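Please read the structure below before turning to the comments.
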Amino acid sequence: MKSVRQYKAGTADVLILEDVEIPAIQQGEVLIQGLYTSVNYADIKTRMGNKGQSTFPITLGLDIVGHVIESKSSAFQKGDYVFAFPNGGSYQQVVAAKETLTFKIPETIDPLQAAALPTVTILSEILLKQIGDVQKEDTIVVHSAAGGVGTMLVKLAKHYGVSKIIGTVGDLSKKDYVLSIGADDVFTYDSFVDGVKQHTNGEGAQVIFDSVAGDVTKASLECLANFGTLVQFGNSSGKAGVISTSDVHNSCRNIKGFSLGTTRKEAPARLAPVVERIIPLFEGGELSVPIARVFDLEEVQEAHRLIESRKHQGKILIRLIKDKHYEQF
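Every letter in the sequence shown is one number past the one before it in full-length UniProt numbering, and letter 33, counting from 1, is 33.
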């Protein structure tokens, strides 16, 4: 099978398409022939060596959609249509995955949507409902609102009837897109503090979702309401956000952190109830993920360059196989 391998940290040029052996599965695992995988910003950070230390060679990729072609799990059988968070990366045509990180999906859900939803939608649902505990009457701020997770945070918040949704972007050329997916107003990282105060009569937002960190974290605390919550779940700026105890105790504000990667590794059982809530939204057409572009597996370098350019709007997907004949594996 074809697999994208990486032997050192670096630019997109380090991603190499190779022929490798199909992985073996253990008890409690399934073998999945992939249709599509998604590209996430976490892949960029890992590729560049900015997200922990890797033992090379590695294969990037967080999630995959496809069909089970072998099962050593009583929960799955050959032919099941699933998405999964696989072992060892998803930029390859066949993957092994633990049953606890594999989820059946209805055949009525288009594979492009099934590939686009796992990481961004599961994460967004958890952030909104569990970590941020967002209420309908709240004003929320979604940083990096045109990105994959930001888009789904805005769309889910709109679906759940949140009172006011404010998005931030690095470039106002993305403003119309963020408004189109449900935001009530959009500001740049330099102007959102004043914008949020204007929208809330100076009181600030009840919940702010921060995946940027650095200076954005500091600015967020300037427009977070008393008793409000700052949800920190990334640092795409490459810098840590600095928080002082004086930022929170007098104002009764909360700082909460979350990592979907840590949850997958240490508490995978927490994901199944979330999947059960979001799948009907996709099956019924109530929710969809905007898709910017689909690349073939051999175009993976180009896919990464587009992500890094920050000029896309919506999810970037990689097509793993060009036909629907699975018997070859």
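All C-beta atoms, glycine included, are put in the ideal place defined by N, C-alpha and C. Computed from a predicted model, the values in this text were never measured in an experiment.
- Going by DSSP, residue 270 is part of no alpha helix (DSSP H) at all; its letter is neither H nor E.
- Scanning the stretch 37-121 from its first residue to its last, the whole alpha helix (DSSP H) runs of 4-plus residues come out as 41-48 and 111-116.
- The straight-line gap separating the alpha-carbon atoms of residue 149 and residue 274 is approximately 15 angstroms.
- Separation of residue 102 and residue 201 (C-alpha to C-alpha, rounded to the nearest whole angstrom) is 46 angstroms.
- Counted as a single uninterrupted DSSP element, the alpha helix (DSSP H) harbouring residue 180 occupies residues 175-180.
- For residue 229, the closest C-alpha among the options 246, 240, 210 and 255 is that of 255.
- For residue 257, the CB contacts under 6 angstroms within the same chain, skipping 5 residues up- and downstream, are 232 in chain order.
- Distance from the Cα of residue 112 is smallest, within the candidate group 37, 164 and 67, for 37.
- Around the C-beta of residue 307, 16 or more other C-beta atoms lie within 10 Å, and the residue is accordingly described as buried.
- Residue ranges of uninterrupted beta strand (DSSP E) with 3 or more members, entirely inside the stretch 262-326 and ordered along the chain, are 291-296 and 315-319.
- Fully contained in the stretch 124-190 are the following alpha helix (DSSP H) runs of length 4 or more, in chain order: 148-159 and 175-180.
- By the Cβ-count criterion, residue 223 is buried, with 16 or more other Cβ atoms from all chains shown falling within 10 Å of its own Cβ.
- By the 16-neighbour rule on beta-carbons within 10 angstroms, residue 172 is exposed.
- Inclusion of residue 184 and residue 155 in the CB contact set at 8 angstroms is not warranted, their separation being larger than that value.
- Residue 252 and residue 235 do not touch by the CB rule: their CB atoms are close to 25 angstroms apart, not below 8 angstroms.
- Residue 315 holds the alpha-carbon nearest to the alpha-carbon of residue 121 among 322, 319, 315 and 197.
- Cβ neighbours of residue 80 within its own chain (closer than 7 angstroms, five residues either side excluded): 67, 68 and 104.
- For residue 193, the enclosing alpha helix (DSSP H) has its first and last residue at 192-199.
- Between the beta-carbon of residue 1 and that of residue 94 there is about 5 angstroms, and that keeps the pair under the 8 angstroms contact cut.
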